[in-house]
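J.: Here you go, one structure.
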Amino acid sequence: MSRILKTQIKDYTKEMDINFFCILRQFINMEMMNNIINKVNYFNEKYPYDEGLNPYISNKKRRTNNLYSDFGSEKDIMKNWPEEKREGMLDKYYDVRKEMGKELNVLLSSIFYLLKKRQWKLIGITSFDVYPGCSEQEIHIDMPGILPKDITRYYVSIPLHETKKNMGPIIYYKESMIKEFRKFHNHNESYEGVIGHLNSLKWEIKQLFLNAREQYEYKLGDISIHRDITFHNGGTNNSNKIRRFLFIVCDVRN
Ligand SMILES: [Fe+2]
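Encoded structure:
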């Protein structure tokens, strides 16, 4: 009898292809996780919260701190800012990249190795605080604009504590079950990437999204990944605790 341990390695590439999201369980070890948590806490105390929220959806009872940004539009965004504010922001980006860059590179390298992507670039890090009572967001995608044809944008969400469903972790909609809807929807002109609240949708469309809907709980060290056109939304935080997660954005060459 073979003594070789048969480890079943999930095909995450396939999962991403089919569902447009995947969950990696126990992906970050506790040492790295604690480092990440400590650094995020440190930066959130050191630098004032900067609300880099998605302007197309409601953001009540949510706060964000945009810790690092290299999307390419920074110069334009900051050009009319007072010098002090601009310098402060650039210092923050530099500081965060210097302090967290190494760890995140290790982490992102393993993620994209699993997803069989060779070329990727870290372009954003944001810390999110979702307060008790924050209600479910509109179903949306995170990248309503158009990316170059050879680029796919990936988003990695790292819960910063154990996250039960009543804390409102992200809700994903399996692409395989809403393909038909997307075909129809892509022809819609006034498209900002927002579909609307689940309960506000037309009955037939709501059924599609209800069937495709998945919400998972997370242990510390579990992460989730979605992409530019994944339909998703934050859930309701029905707990009495703040839900915190780190959100990392990467552009990946196809
Ligand atoms: Fe989102």
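Sequential numbering of the sequence shown, starting at 0, is according to numbering that gives the first Met the number 0.
Each residue gets a CB set at the ideal place from its N, CA and C atoms; glycine is no exception.
The model shown is predicted, which means the values in this text are computed figures rather than measured ones.
Measuring alpha carbon to alpha carbon, tell me which of E161, S68 and N253 ends up nearest P147.
T.: Residue numbering aside, residue 147 sits at position 148 when the sequence shown is read from its first letter. The shortest Cα separation from P147 among E161, S68 and N253 belongs to N253.
J.: Alpha carbons only, please: which of T235, F180, N43 and Y112 is nearest the one belonging to T125?
T.: In the sequence shown, the residue the question calls residue 125 occupies position 126. The shortest Cα separation from T125 among T235, F180, N43 and Y112 belongs to N43.
J.: Buried or exposed for Y112, please, with buried defined as at least 16 other CB atoms from any protein chain shown within 10 angstroms of its CB.
T.: Numbered from 1 along the sequence shown, position 113 holds the residue referred to as residue 112. By the 10 Å Cβ count, Y112 comes out exposed.
J.: Taking 8 Å as the line, does the beta carbon of D227 fall inside it for any heavy atom of ligand 1?
T.: Your numbering for residue 227 matches position 228 in the sequence shown. Flag unset: Cβ of D227 not near ligand 1.
J.: According to DSSP, simplified to helix, strand and coil, what is R242?
T.: As a working note, residue 242 is residue 243 in the sequence shown. Looking at R242 - three-state DSSP - the assignment turns out to be strand.
J.: For ligand 1, I want to know if G233 counts as a neighbour, meaning its beta carbon is within less than 8 Å of at least one of the ligand's heavy atoms.
T.: One-based indexing of the sequence shown puts residue 233 at position 234. Indeed, a heavy atom of ligand 1 lies less than 8 Å from the Cβ.
J.: Mapping DSSP to helix, strand and coil, what is S1?
T.: Within the sequence shown, the letter at position 2 stands for residue 1. Low local confidence applies: a pLDDT of 45 at S1 is under 50, so the model's placement there is unreliable, with the coordinate-based value given in what follows. Of the three classes helix, strand and coil, the one that applies to S1 here is coil, per DSSP.
J.: May I ask you to report which of helix, strand or coil DSSP gives I157?
T.: The count along the sequence shown starts at 1 and reaches residue 157 at position 158. Three-state result, I157: strand.
J.: When the distance is taken between beta carbons, is Y67 closer than 9 Å to M99?
T.: To locate residue 99, count along the sequence shown from 1; it is residue 100. To locate residue 67, count along the sequence shown from 1; it is residue 68. Yes; because the gap between Cβ atoms is below 9 Å, this pair is in contact.
J.: Closer than 7 Å by C-beta to N165: which residues in its own chain qualify, once you throw out the five before and the five after it? Chain order, please.
T.: For the purposes of this step, residue 165 is taken as residue 166 along the sequence shown, with counting starting at 1. Only N237 and S238 meet the Cβ criterion.
J.: May I ask which residues mark the beginning and end of the beta strand (DSSP E) holding W119?
T.: Position 120 of the sequence shown, counted from the start, is the residue given in the question as residue 119. Unbroken beta strand (DSSP E) run through W119: W119 to V129.
J.: Taking the beta strand (DSSP E) that E213 falls in, what are its first and last residues?
T.: Along the sequence shown, read from residue 1 onward, the residue named residue 213 stands at position 214. Where E213 is concerned, the enclosing beta strand (DSSP E) stretches over R212 to Q214.
J.: Can you list, in chain order, the residues of its chain with a C-beta nearer than 8 Å to that of V105? Leave out the 5 residues immediately preceding and following it.
T.: In the sequence shown, counting from the first residue as 1, residue 105 sits at position 106. Result list for V105: M31, in chain order.
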